[in-house]
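Participant:
There are 4 protein chains.
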Amino acid sequence: MSARAQGSKKRTRIQVQNEQRIMDAALEVFSTYGYRGSTVDQIAQRAGLSKPNLLYYYAKKQDIYVAVLEHTLSDWLQPLTKLDPEGEPAEQLWNYIECKLELSRSAPKASRLFANEMLHGAHNIEPYLRGELKSLVEEKCGVIQVWIDAGKLKPIAPVHLLFMIWATTQHYADFDAQIKALCQDKREECFGKASTTLKTIFLDGLLP
Amino acid sequence: MSARAQGSKKRTRIQVQNEQRIMDAALEVFSTYGYRGSTVDQIAQRAGLSKPNLLYYYAKKQDIYVAVLEHTLSDWLQPLTKLDPEGEPAEQLWNYIECKLELSRSAPKASRLFANEMLHGAHNIEPYLRGELKSLVEEKCGVIQVWIDAGKLKPIAPVHLLFMIWATTQHYADFDAQIKALCQDKREECFGKASTTLKTIFLDGLLP
Amino acid sequence: MSARAQGSKKRTRIQVQNEQRIMDAALEVFSTYGYRGSTVDQIAQRAGLSKPNLLYYYAKKQDIYVAVLEHTLSDWLQPLTKLDPEGEPAEQLWNYIECKLELSRSAPKASRLFANEMLHGAHNIEPYLRGELKSLVEEKCGVIQVWIDAGKLKPIAPVHLLFMIWATTQHYADFDAQIKALCQDKREECFGKASTTLKTIFLDGLLP
Amino acid sequence: MSARAQGSKKRTRIQVQNEQRIMDAALEVFSTYGYRGSTVDQIAQRAGLSKPNLLYYYAKKQDIYVAVLEHTLSDWLQPLTKLDPEGEPAEQLWNYIECKLELSRSAPKASRLFANEMLHGAHNIEPYLRGELKSLVEEKCGVIQVWIDAGKLKPIAPVHLLFMIWATTQHYADFDAQIKALCQDKREECFGKASTTLKTIFLDGLLP
DNA sequence: AATGAATGAGTGTTCATTCAT
DNA sequence: CATGAATGAACACTCATTCAT
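Chains as they are written, first to last, in our numbering: chain L, 1 to 208; chain R, 209 to 416; chain A, 417 to 624; chain Y, 625 to 832.
1. Would you mind sorting L:ASN18 into buried or exposed? The rule is 16 or more other CB atoms within 10 Å of its CB.
2. Name the chain Y residues that come within less than 8 Å of A:PHE579, Cβ to Cβ?
3. Report back the beta-carbon spacing between A:LEU529 and A:LEU443 to the nearest angstrom; my notes put them in contact at under 8 Å.
4. Just how far apart, CA to CA, sit L:ALA122 and L:ALA44?
5. Are the C-beta of A:LYS498 and some C-beta of chain Y separated by less than 8 Å?
6. Looking at C-alpha atoms only, which residue of R:ILE387, R:LEU281, R:GLU294 is the closest neighbour of R:ILE333?
7. List the residues of chain A that Y:MET618 touches, going by C-beta distances under 7 Å, in chain order.
8. Kindly list, in the order they appear in chain R, the residues whose Cβ is closer than 8 Å to that of L:GLY37.
9. Taking CB distances under 8 Å as the criterion, tell me whether R:ARG395 reaches chain L.
10. Less than 8 Å separating the beta-carbons of R:LYS342 and L:ALA194?
11. How about Y:ALA797 and Y:SER735: do their beta carbons lie closer than 8 Å?
12. Nearest-angstrom Cα distance between A:GLY423 and L:GLY37?
13. Using a C-beta cutoff of 8 Å, does Y:THR636 count as contacting chain A?
14. Output the residue ranges of the alpha helix (DSSP H) runs that lie fully inside the region 58 to 129 of chain L and measure 4 residues or longer, sorted by chain position.
15. At what residue ranges does the region 419 to 465 of chain A contain a whole run of the alpha helix (DSSP H), taking only runs of 4 or more?
16. Take A:MET417 and list the residues in its own chain whose beta-carbon comes closer than 6 Å to its own, dropping the five residues that flank it on each side.
17. Can you pull the chain R neighbours of L:LEU93, defined as C-beta to C-beta under 9 Å?
18. Mind listing the chain R neighbours of L:VAL159? Cutoff is C-beta to C-beta under 7 Å, in chain order.
19. State buried or exposed for L:LYS60, treating a residue as buried only when at least 16 other CB atoms are found within 10 Å of its CB.
20. For L:THR32, tell me which candidate among R:ILE230, R:THR220, R:GLU325 has the shortest Cα-Cα distance.
21. Mapping DSSP to helix, strand and coil, what is R:LYS348?
22. Buried or exposed, going by whether 16 or more other CB atoms sit within 10 Å of the CB of L:GLY205?
23. Would you verify that the beta carbon of R:GLU306 is, or is not, closer than 8 Å to some beta carbon of chain L?
24. Counting contacts by CB-CB distance shorter than 8 Å, is Y:THR821 in contact with chain A?
25. Can you have a look at Y:LYS724 and say buried or exposed, based on whether 16 or more other CB atoms are within 10 angstroms of its CB?
26. Taking only beta carbons into account, state which residues of the region 478 to 496 of chain A come closer than 7 Å to chain Y, listed in chain order.
27. Is it right to say R:PRO297 is buried, meaning 16 or more other beta carbons lie within 10 angstroms of its own, or is it exposed?
28. Can you tell me the Cα-Cα spacing of Y:LYS733 and Y:TYR689, whole angstroms?
29. Using the Cα positions of A:LEU569 and Y:ALA774, report the straight-line distance between them to the nearest angstrom.
30. Between R:PHE399, R:PRO416, R:LYS407, R:PHE383, which has its C-alpha nearest R:ILE373's C-alpha?
31. L:ALA47: buried (16+ other C-beta within 10 angstroms of its C-beta) or exposed?
32. Would you mind working out which of A:ARG521, A:GLU514, A:GLU548, A:GLY547 sits nearest A:THR612, comparing C-alpha positions?
33. Roughly how many angstroms separate the alpha carbons of A:GLU486 and Y:SER728, rounded to a whole number?
34. What residues in its chain sit with their C-beta under 7 Å from that of R:THR376, if we drop five residues either side in the sequence?
35. In angstroms, rounded to a whole number, what distance separates the CA positions of A:ARG546 and Y:GLN808?
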């Protein structure tokens, strides 16, 4: 019986450890080379396992891929949950933006894994997109709409505001190659300038 | 001798026609499946050529890829060149943003091709990034800085403004799958709301 | 991980057996059709393995080729090592010649494999030629020179004597097709006459 | 109608010139890479012709190969014809040996082409081997036998003497790579020592 | 006499996956 | 749990040869 087939049964220490190793290796490899560009061998090697042993934990390449996607997605989602309807909109939104930018800085691989999946049609996470994510987004868009209705924010389409936030923050992870080519600043300094520019534009706009 | 090896010599009608077909097919296929996920067979089939015939025009898979990248890159660059230092900043920037958004709507495949290349390290277009693109970006950042110094724009880091514009507009092409999942609006309506939201935030900011 | 990549680790019974099978098949095929004329499929079939299974043991066609070359080279070298400085020159040399001729008779494929590699520039065994072989040749040329200086041999260039011995004995393996066409004798008889002719000429020369 | 199909009809100047170019290119390429290792493209390029144009002269790769083999074979044969029954055996044989050694020096490619064909079974020149060559060899062996019967040569098997001469002289062309590796002498010096060693051994033998 | 265009049949190599132990 | 061994299906790329002009 394969490890996966055991469902929710308790796992040995080795099982837990190896699964973590596999997830780490898979994130590393998939985010760098994409799904088709990655090989099971690569992941096995990076995880310090033999290929058949790796396939003992996850029977198919796609299973590994889906598992690592799901792992990272929950982290990806979390910051949005903290958007507090009771708080001040400017502070709440800026907190969220800052948090997302920090994630792009500290976990760019997860961002790239996610972006890659999107680019190719997101077939492996459609249920998640149309389920968990959609619910949360609708809830938080409601919050933003409340703020707008209360005159605390300019009247914009809430979901497109979220798209803007995601796009601008994840850009620093996903388009890292371009940024490195165009920005001579060191990484820290670059993220610093990004932060202040984002803050100015999102909150105050370009015009004086 | 392969068709490519002839260098700058004049091309036959058939050559021109087939090369165009190949570029179209390659954009379609590479943008959908990525480099590794695409097969020469697929491209040949879509171009209506036999595989060896395709390789008669471009000797290697990577040659096709680089060719289609270069083809699309020139289109991608052009809108920025039209940013006019003599014009009004608000109008000029908004024109640019609108133009980029329109490109994401009308040519999403090109955007995805480009995004994919970025995600994987941009090894095939580094020379372009550090050459042509960098020069143009530096020039236009100079223009923006002049506007800032003249008090016509808030003091932000020009290159990060460009990053924001690119990120937010290309997002509608690159993350199409996510947008479709989260936005029940029809395509036109969605781009309409995107446009007004972008305009509000970039020019005026969120705060009232 | 491929079998070869394990380096010097101990090998399974199956590994040893299959590697031997591959070496036999490769000698057969490469010596008959040359490197480029041989296909991995041919070798696999002759070894009773599937093509990918063959490539599990030797990752590349050239690896098989180099391996079989190295295998046969050590056998090829050995007779020369037995040239004894203490012995009588005539006897020692004649033993060597006879031994080499016998090798051409019993292992013509090895001879042809080696000749083929030579004809094409010996790029795969240069290190061997300039290393192991050269050392041995220099040592044995020293021995021959001592015999010459002692007046026990006519004054000839020792290394060219070796070339002559190699050329004349290996000729019976390498130019087998020609010999068959020109010599109606049966194989045994032909080698018999070859032996006496070589003996006469090498030791006594043509002139009475 | 192809050029070849015209048989013995007179050829235009261009035809003659191109055929010569092709023969030169084919000798160069085939002798270096072997039959299977050579491509029609390579030969065409070296001959300064387009591939289809080359195939206008020789319809198939094998036709080119056979043609160049036949071309070189006649040159290869010729020295033996000059062995004069009326002359002194020692002088006649030495002339022949010297002549063959000189050919190995000046036309090593032809030698290698021939050797390669031999190694692979000589299927393309069997008719020649069993016809023209065999007749000539039998005739000249008769001459040598006469010399032996007259007591002017040691009693050896004449055809094996020829084999020895061929083997030892052609060795300097065919095993060039090995000779270069083992012999630090410059080319001229090496052939000089070869010549004197051959002379000593063939005529007088090793023993004093 | 010459060439651009096209292709079928390979050919080495990769890789996800399976099997036996 | 783990691994050595094996394989079918694909895939990029090659090459002799043909066709149309």
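Backbone N, C-alpha and C define an ideal beta-carbon position, used for all residues, glycine too.
Note that the coordinates shown come from a computational prediction; the quantities given were computed from them, not determined experimentally.
Facilitator: Short version:
1. Here the question's residue 18 of chain L lines up with position 18 in the first sequence. It is buried - the Cβ of L:ASN18 has at least 16 other Cβ atoms within 10 Å.
2. What you label residue 579 of chain A is simply residue 163 of the third sequence in a count that begins at 1. Simply THR792, HIS795, TYR796, PHE799, ILE803, ALA818.
3. Working through the third sequence from its first residue, we reach residue 529 of chain A at position 113. Working through the third sequence from its first residue, we reach residue 443 of chain A at position 27. That pair is a contact at about 6 Å.
4. Position 122 of the first sequence, counted from the start, is the residue given in the question as residue 122 of chain L. Position 44 of the first sequence, counted from the start, is the residue given in the question as residue 44 of chain L. For L:ALA122 and L:ALA44, the distance between alpha carbons rounds to 25 Å.
5. As a working note, residue 498 of chain A is residue 82 in the third sequence. So, not an interface residue.
6. Counting from 1 along the second sequence, the entry for residue 333 of chain R is found at position 125. Per the Cα distances, R:LEU281.
7. The structure shown does not extend to residue 618 of chain Y, since chain Y is modelled only from 625 through 832, so no value can be given for it.
8. Counting from 1 along the first sequence, the entry for residue 37 of chain L is found at position 37. Here the neighbours are GLY242, TYR243, ARG244, GLY245, HIS328.
9. Here residue 395 of chain R refers to the residue found at position 187 when the second sequence is read from its first residue. Answer no: the Cβ-Cβ gap between R:ARG395 and chain L never drops below 8 Å.
10. Your numbering for residue 342 of chain R matches position 134 in the second sequence. Your numbering for residue 194 of chain L matches position 194 in the first sequence. Not closer than 8 Å, so no.
11. Counting from one through the fourth sequence, the residue named residue 797 of chain Y turns up at place 173. Counting from one through the fourth sequence, the residue named residue 735 of chain Y turns up at place 111. In this structure, Y:SER735 lies closer than 8 Å to Y:ALA797 by Cβ.
12. For this step, residue 423 of chain A is matched to residue 7 along the third sequence. For this step, residue 37 of chain L is matched to residue 37 along the first sequence. Caution is warranted here: a pLDDT of 47 is assigned to A:GLY423, below 50, making its placement in the model unreliable, and no coordinate value can be reported.
13. Counted from its first residue, the fourth sequence places residue 636 of chain Y at position 12. Judged by the 8 Å Cβ criterion, Y:THR636 is not in contact with chain A.
14. 61 to 81, 89 to 106, 108 to 119
15. 429 to 453, 456 to 463
16. Taking the first residue of the third sequence as position 1, residue 417 of chain A is located at position 1. Low confidence applies to A:MET417: its pLDDT is 47, below 50, so where it sits in the model is not reliable, and the reading given next is rough at best. Correct list: empty, nothing qualifies.
17. Here residue 93 of chain L corresponds to residue number 93 of the first sequence, with the count starting at 1. LEU414, listed in chain order.
18. The count along the first sequence starts at 1 and reaches residue 159 of chain L at position 159. Within 7 Å Cβ-Cβ: LEU390, CYS391.
19. By 1-based counting over the first sequence, the position of residue 60 of chain L is 60. Classification for L:LYS60: exposed.
20. Here residue 32 of chain L refers to the residue found at position 32 when the first sequence is read from its first residue. Checking every option, the nearest Cα to that of L:THR32 belongs to R:GLU325.
21. Taking the first residue of the second sequence as 1, we reach residue 348 of chain R at position 140. Here R:LYS348 sits in helix by DSSP.
22. Here residue 205 of chain L refers to the residue found at position 205 when the first sequence is read from its first residue. Per the 10 Å Cβ criterion, buried.
23. Numbered from 1 along the second sequence, position 98 holds the residue referred to as residue 306 of chain R. It does not; no Cβ of chain L falls within 8 Å.
24. As a first step, residue 821 of chain Y is located in the fourth sequence; it is residue number 197 there, counting from the start. Closer than 8 Å to some Cβ of chain A, the Cβ of Y:THR821 qualifies, so yes.
25. Along the fourth sequence, read from residue 1 onward, the residue named residue 724 of chain Y stands at position 100. Answer is buried; the Cβ neighbour count reaches 16.
26. none
27. Reading the second sequence from its first residue, position 89 is the one you call residue 297 of chain R. With 16 or more Cβ atoms within 10 Å of its Cβ, R:PRO297 is classed as buried.
28. Against the fourth sequence, residue 733 of chain Y aligns to sequence position 109. Against the fourth sequence, residue 689 of chain Y aligns to sequence position 65. If I take the Cα positions, the gap works out to 14 Å.
29. On the third sequence, residue 569 of chain A is found 153 positions in, with the first residue counted as 1. On the fourth sequence, residue 774 of chain Y is found 150 positions in, with the first residue counted as 1. Between A:LEU569 and Y:ALA774, the C-alpha separation is close to 28 Å.
30. As a position in the second sequence, residue 373 of chain R is number 165, starting the count at 1. When each option's Cα is compared against that of R:ILE373, the closest is R:LYS407.
31. The sequence position of residue 47 of chain L within the first sequence is 47, counting from 1. It counts as buried.
32. Within the third sequence, numbered from 1, the residue matching residue 612 of chain A stands at position 196. Nearest option by C-alpha distance: A:GLU514.
33. Residue mapping note: residue 486 of chain A aligns to position 70 of the third sequence, counting from 1. Residue mapping note: residue 728 of chain Y aligns to position 104 of the fourth sequence, counting from 1. About 28 Å.
34. Residue numbering aside, residue 376 of chain R sits at position 168 when the second sequence is read from its first letter. Correct list, in chain order: LEU406.
35. Translated into positions along the third sequence, residue 546 of chain A becomes position 130. Translated into positions along the fourth sequence, residue 808 of chain Y becomes position 184. Roughly 11 Å separates the two Cα atoms.
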